[in-house]
Amino acid sequence: FFSLKDYGQKACLALLENKYLKTFFFFFLVLDLKGIVFVIQSQSNSFHAKRAEQLQKSILKQAANLTQELPRVLLLHQLSKQEGAWTILPLLPHFSVTYSSNSSWIFFCEEETRIQIPELLETLRRYDPSKVNVILIPVFIYWGKYFAAGWALSIPLVNKLTKRLRSESLKSDFTIDLKHEIALYIWDKGDGPPLTPVPEFCTEVVDSSCATTFHSFLPLCGNPVKKEDIFFAVKTCKKFHGDRIPIVKQTWAGQASVIEYYSDHAESSIPTVDLGVPNTDRGHCGKTFAILEKFLNHSHDKIAWLVIVDDDTLISISRLQHLLSCYDSSEPVFLGERYGYGLGTGGYSYITGGGGMVFSREAIRRLLASKCRCYSNDAPDDMVLGMCFSGLGIPVTHSPLFHQARPVDYPRDYLSHQVPISFHKHWNIDPVKVYFTWLAPRGEDKARQETHKGFKEEL
Numbered sequence: 001f002f003s004l005k006d007y008g009q010k011a012c013l014a015l016l017e018n019k020y021l022k023t024f025f026f027f028f029l030v031l032d033l034k035g036i037v038f039v040i041q042s043q044s045n046s047f048h049a050k051r052a053e054q055l056q057k058s059i060l061k062q063a064a065n066l067t068q069e070l071p072r073v074l075l076l077h078q079l080s081k082q083e084g085a086w087t088i089l090p091l092l093p094h095f096s097v098t099y100s101s102n103s104s105w106i107f108f109c110e111e112e113t114r115i116q117i118p119e120l121l122e123t124l125r126r127y128d129p130s131k132v133n134v135i136l137i138p139v140f141i142y143w144g145k146y147f148a149a150g151w152a153l154s155i156p157l158v159n160k161l162t163k164r165l166r167s168e169s170l171k172s173d174f175t176i177d178l179k180h181e182i183a184l185y186i187w188d189k190g191d192g193p194p195l196t197p198v199p200e201f202c203t204e205v206v207d208s209s210c211a212t213t214f215h216s217f218l219p220l221c222g223n224p225v226k227k228e229d230i231f232f233a234v235k236t237c238k239k240f241h242g243d244r245i246p247i248v249k250q251t252w253a254g255q256a257s258v259i260e261y262y263s264d265h266a267e268s269s270i271p272t273v274d275l276g277v278p279n280t281d282r283g284h285c286g287k288t289f290a291i292l293e294k295f296l297n298h299s300h301d302k303i304a305w306l307v308i309v310d311d312d313t314l315i316s317i318s319r320l321q322h323l324l325s326c327y328d329s330s331e332p333v334f335l336g337e338r339y340g341y342g343l344g345t346g347g348y349s350y351i352t353g354g355g356g357m358v359f360s361r362e363a364i365r366r367l368l369a370s371k372c373r374c375y376s377n378d379a380p381d382d383m384v385l386g387m388c389f390s391g392l393g394i395p396v397t398h399s400p401l402f403h404q405a406r407p408v409d410y411p412r413d414y415l416s417h418q419v420p421i422s423f424h425k426h427w428n429i430d431p432v433k434v435y436f437t438w439l440a441p442r443g444e445d446k447a448r449q450e451t452h453k454g455f456k457e458e459l
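Going by full-length UniProt numbering, the sequence shown opens with residue 1, and the numbers climb by one from there.
#1: Between which residues of its own chain and GLY8 is the CB-CB distance below 7 angstroms, once the five residues before and five after are set aside?
#2: Strictly by DSSP, which residues pair up with THR352?
#3: Would you identify the three-state DSSP class for GLY386, choosing helix, strand or coil?
#4: Jot down the residue ranges of each uninterrupted beta strand (DSSP E) in the segment 277–353, minimum 3 residues, whole runs only, in chain order.
#5: State the Cα-Cα distance for the pair LEU121 and GLU331, rounded to the nearest angstrom.
#6: Evaluate contact between the segment 283–295 and the segment 315–335, counting only Cβ atoms and requiring at least three cross-stretch pairs below 8 angstroms.
#7: At the level of alpha carbons, what is the spacing between LYS57 and GLY150?
#8: Should LYS131 be labelled buried (16 or more other beta-carbon atoms within 10 Å of its own) or exposed?
#9: Quick one: measure Cβ to Cβ for CYS285 and PRO380, integer angstroms, because I've assumed they're closer than 8 angstroms.
#10: Would LEU60 and VAL73 be called neighbours here (beta carbons separated by less than 9 angstroms)?
#11: Given a threshold of 16 other Cβ atoms within 10 Å of its Cβ, counted over all protein chains shown, does GLY422 qualify as buried or as exposed?
#12: Our contact map puts GLU111 next to SER42 with C-beta atoms below 8 angstroms; I'd like the distance itself, whole angstroms only.
#13: Nearest CA to the CA of PRO420: which residue from ILE303, ARG282 and PHE217?
#14: Can you list, in chain order, the residues of its chain whose CB lies under 8 angstroms from that of LEU385, leaving out five sequence neighbours each side?
#15: Taking the continuous beta strand (DSSP E) assigned at TYR262, which residues delimit it?
#16: When burial is assigned at 16 or more other CB atoms within 10 Å of the CB, is SER316 buried or exposed?
#17: From GLN54 to ALA369, what distance separates their C-alpha atoms?
#18: Between the segment 91–101 and the segment 158–166, do three or more beta carbon pairs fall short of 8 angstroms?
#19: Are the beta-carbon atoms belonging to CYS109 and VAL39 less than 9 angstroms from one another?
#20: At what residues does the alpha helix (DSSP H) containing THR123 begin and finish?
#21: With DSSP as the reference, label SER42 as helix, strand or coil.
#22: By Cβ distance, which residues of its chain are closer than 6 angstroms to VAL37, with the 5 residues on each side in sequence left out?
#23: Measure the C-alpha to C-alpha separation of ASP128 and ASP32 and round it to an integer number of angstroms.
#24: Identify which residue in ALA256, ASN133 and GLN116 has its Cα closest to the Cα of GLU228.
#25: According to DSSP, simplified to helix, strand and coil, what is residue 510?
#26: For ASP311, tell me which candidate among LYS235, SER167 and SER268 has the shortest Cα-Cα distance.
#27: Taking the alpha carbon of ILE429 as the point to measure from, which residue in TYR348, LEU314 and SER360 has its own alpha carbon closest?
#28: On the CB-based measure, 16 or more other CB atoms within 10 Å of its CB, does GLN250 come out buried or exposed?
#29: What separation, rounded to the nearest whole angstrom, lies between the Cα atoms of HIS180 and ALA266?
#30: Measuring CA to CA, which of THR123, ALA304, ARG406 and GLY353 is closest to ILE230?
#31: Thinking C-beta only, is TYR262 closer than 9 angstroms to VAL248?
#32: What residue range does the alpha helix (DSSP H) around LEU434 cover?
#33: Do you know offhand how far GLU119's Cα is from ALA183's?
#34: Could you say which of GLN78, ILE88, LEU75 and GLN62 lies nearest to LEU343 if we only look at CA atoms?
#35: According to the Cβ coordinates, are LEU296 and ARG365 closer than 9 angstroms?
#36: My guess is that SER325 and ASN223 are in contact by the Cβ rule of under 8 angstroms, so how many angstroms apart are they, rounded?
Next up, the structure:
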C-alpha cells in the first residue's frame, strides 16, 4: 500500500480520484461485507413483510454504493416454514451448515432497525470473528430488551451453539420473553462466552457513530381505523362485576364505540351478556369461542375487527386505531403479543390473552369454518386458538406494543422506547393511575404521529 511518505500529497489526491483505485481501497470492505449474513426478523403478514423488504432494499442499496459484491440479506419468514423459526435458535444449525465456510458474522435485526453499513463494518472490524463472540447493544443488563438495535453472532459461536443444540434439546416448553431466553441460552449458566456491549448499536440516535438505530414510534399507514369498526369483548364473571368492571368503565371503555361485557351472569346495570357458558377458574376457552360465534353470526357484518380482553386488561383504543391502519382486515389477522409452546418439538405460537387478542373477521370466519374447538370449557383459550390457527396455516402476528404484564414488570427504559397499547393485571397497582400515565389519549400521541409522517410516506 502507498502512503504520503512515498508520494507527494497532490499525487496521492490524484490517485484517490481514480475510480479503479477507489475499487482497490474498498477491497477490504468487500471482504467484510461478504462475510456478514443479514437476517431480518420478519413476519409473513403483508404489512410486516413489506416493511422487512424495504429494509432489505436499503441494506442492498447501501452495499451497492460501496461495491458490486452484495451481502446476503435474508427474511426470517422466508427461511423456514417451521413454526418456531421466529425463536432463532432452531435456525442456527441451518446457518452453521450454509454459512460457516464463507461468512464471519450473522447479524440479526428487526424490520424497524435502521442500519448504516459503513459504520457497521467499521464496528465489526474491531472484533475478531474467529473467536466465539456475541455482539449486543450496550444495555444488555436488561437481558436483551433491545433486539431492534441489532445483534451479531460470530460464526464460531453459531457452530458451538449448533453442536449443543444437536446434543441436547431445548428444555423450556414455553417461549415467553425471546430476547431473555436467547441470552440465557448463550450465557449457558456462565459457561458461555461473555456478552459484549457495543455502543454503536444504539437504542436512539446519539451521534453519527451509531451503526444501528431503530424506530420506536406507533406506525400509521393511513387514516386510523374508525372506532365503529372495532368490537371490544370484555371477558368477566359475576365475582368481578363489582371491582374490575367499574375500572374498565373509568378508564378505557369510554373511548370504545362498540363494547360488550360477557359473563356467566346477566346484570342489567352494567349490562353484561350471559353466554350460557359456566364460569371456570381458568382457561375460559368455552367463553371465548362463544364470543367468536356471536361476533361472526350476530354482529353487524361491517365491523371488521374483534378485540377480546380480560376484565383486568388496560388498553389504549386510540393507539390501537392507529396500529390497525397498517393491517388489511380482509386477510386472516390474529394479532397481539406472541408466545410459543413446545416450539422445539412441533408445537405452536399463540397470542397471550392478557394483553388483548385482535382478530380480523376473516380470521374468525376461517377458524369457525374448521372443526377446531375447545377440548373443555376451562382449556386455555389463547393456547387453543394458537393451536387452531397453526393447524389452519394462519400465523400469529406479533406486536411488542401489547403487554401481558404490568408496567412495573418491565424496565422503564424499555417502555420509554415504545408507545404501549396494552397492559394486564390490577394486582398491587393503581390501575386507574396506570391507565392515565401510560395509555390515556394525550396531545403527544398526535404530535408523535405528526413527527413520523415519513413512515406513512415510506409505505
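All C-beta atoms, glycine included, are put in the ideal place defined by N, C-alpha and C.
The short version:
#1: Start at 1 with the first residue of the sequence shown, and residue 8 comes out as number 8. In this prediction, GLY8 scores a pLDDT of 42, lower than 50, which makes its location untrustworthy; no coordinate-derived value is stated.
#2: Within the sequence shown, the letter at position 352 stands for residue 352. Per DSSP, none; premise fails for THR352.
#3: For the purposes of this step, residue 386 is taken as the residue at position 386 of the sequence shown. The answer is helix: DSSP assigns GLY386 an H, G or I state.
#4: 305–310, 313–315, 334–336, 338–341 and 348–351
#5: Stepping through the sequence shown from its first residue, residue 121 is reached at position 121. Stepping through the sequence shown from its first residue, residue 331 is reached at position 331. In this structure, the CA atom of LEU121 is about 39 angstroms from the CA atom of GLU331.
#6: no
#7: By one-based count along the sequence shown, residue 57 stands at place 57. By one-based count along the sequence shown, residue 150 stands at place 150. Straight through space, the alpha carbons of GLY150 and LYS57 are spaced by roughly 17 angstroms.
#8: Looking up residue 131 in the sequence shown gives position 131. Answer is exposed; the Cβ neighbour count stays below 16.
#9: The residue you call residue 285 lines up with position 285 of the sequence shown. The residue you call residue 380 lines up with position 380 of the sequence shown. That belief holds up - the Cβ atoms of CYS285 and PRO380 are roughly 7 angstroms apart, short of 8 angstroms.
#10: Residue numbering aside, residue 60 sits at position 60 when the sequence shown is read from its first letter. Residue numbering aside, residue 73 sits at position 73 when the sequence shown is read from its first letter. It is a contact, given that the beta carbons lie within the stated cut-off.
#11: Counted from its first residue, the sequence shown places residue 422 at position 422. The question names Gly, but residue 422 is Ser in the sequence shown. When all chains shown are included, SER422 counts as buried.
#12: Position 111 of the sequence shown, counting from 1, holds the residue named residue 111. Position 42 of the sequence shown, counting from 1, holds the residue named residue 42. That belief holds up - the Cβ atoms of GLU111 and SER42 are roughly 6 angstroms apart, short of 8 angstroms.
#13: In the sequence shown, counting from the first residue as 1, residue 420 sits at position 420. When each option's Cα is compared against that of PRO420, the closest is PHE217.
#14: In the sequence shown, counting from the first residue as 1, residue 385 sits at position 385. Same-chain partners within the cutoff: THR288, PHE334, TYR350, ILE351, MET357 and LEU367.
#15: In the sequence shown, the residue the question calls residue 262 occupies position 262. Element bounds for TYR262: 258–263.
#16: For this step, residue 316 is matched to residue 316 along the sequence shown. So SER316 counts as buried.
#17: For the purposes of this step, residue 54 is taken as residue 54 along the sequence shown, with counting starting at 1. For the purposes of this step, residue 369 is taken as residue 369 along the sequence shown, with counting starting at 1. Between GLN54 and ALA369, the C-alpha separation is close to 35 angstroms.
#18: Contact annotation: the segment 91–101 touches the segment 158–166, with at least three C-beta pairs closer than 8 angstroms.
#19: Locating residue 109 in the sequence shown gives position 109, where the first residue counts as 1. Locating residue 39 in the sequence shown gives position 39, where the first residue counts as 1. It is a contact, given that the beta carbons lie within the stated cut-off.
#20: Translated into the one-based positions of the sequence shown, residue 123 becomes position 123. Counting along the chain, the alpha helix (DSSP H) containing THR123 begins and ends at 117–124.
#21: In the sequence shown, counting from the first residue as 1, residue 42 sits at position 42. Reduced to three states, the DSSP call for SER42 is coil.
#22: By one-based count along the sequence shown, residue 37 stands at place 37. For VAL37, the CB contacts under 6 angstroms within the same chain, skipping 5 residues up- and downstream, are ARG72, TYR99, SER103 and ILE106 in chain order.
#23: On the sequence shown, position 128 is the one that residue 128 refers to. On the sequence shown, position 32 is the one that residue 32 refers to. Their backbone Cα atoms lie some 12 angstroms apart in a straight line.
#24: Counted from its first residue, the sequence shown places residue 228 at position 228. Cα-wise, what sits closest to GLU228 is ALA256.
#25: Lying before the first or after the last residue shown, residue 510 is absent from the chain, which here runs from 1 to 459.
#26: For this step, residue 311 is matched to residue 311 along the sequence shown. Selected option, being the one with the closest Cα: LYS235.
#27: In the sequence shown, the residue the question calls residue 429 occupies position 429. Cα-wise, what sits closest to ILE429 is LEU314.
#28: Residue 250 sits at position 250 when you count from the first residue of the sequence shown. Classification of GLN250: exposed, given that the 10 Å Cβ count is below 16.
#29: Locating residue 180 in the sequence shown gives position 180, where the first residue counts as 1. Locating residue 266 in the sequence shown gives position 266, where the first residue counts as 1. For HIS180 and ALA266, the distance between alpha carbons rounds to 43 angstroms.
#30: Reading the sequence shown from its first residue, position 230 is the one you call residue 230. The shortest Cα separation from ILE230 among THR123, ALA304, ARG406 and GLY353 belongs to ALA304.
#31: For the purposes of this step, residue 248 is identified with residue 248 of the sequence shown, where counting begins at 1. For the purposes of this step, residue 262 is identified with residue 262 of the sequence shown, where counting begins at 1. No, these two residues do not count as a Cβ contact at 9 angstroms.
#32: As a first step, residue 434 must be located in the sequence shown, where it is residue number 434. Here residue 434 turns out to be Val, not Leu, going by the sequence shown. Per DSSP, VAL434 belongs to the alpha helix (DSSP H) from 431–438.
#33: Within the sequence shown, numbered from 1, the residue matching residue 119 stands at position 119. Within the sequence shown, numbered from 1, the residue matching residue 183 stands at position 183. Looking at the two C-alpha atoms, the distance is approximately 25 angstroms.
#34: Residue 343 sits at position 343 when you count from the first residue of the sequence shown. The candidate whose alpha carbon is nearest that of LEU343 is ILE88.
#35: Here the question's residue 296 lines up with position 296 in the sequence shown. Here the question's residue 365 lines up with position 365 in the sequence shown. Closer than 9 angstroms, so yes.
#36: In the sequence shown, residue 325 corresponds to position 325, counting from 1. In the sequence shown, residue 223 corresponds to position 223, counting from 1. About 6 angstroms separates the two Cβ atoms, so the contact holds.
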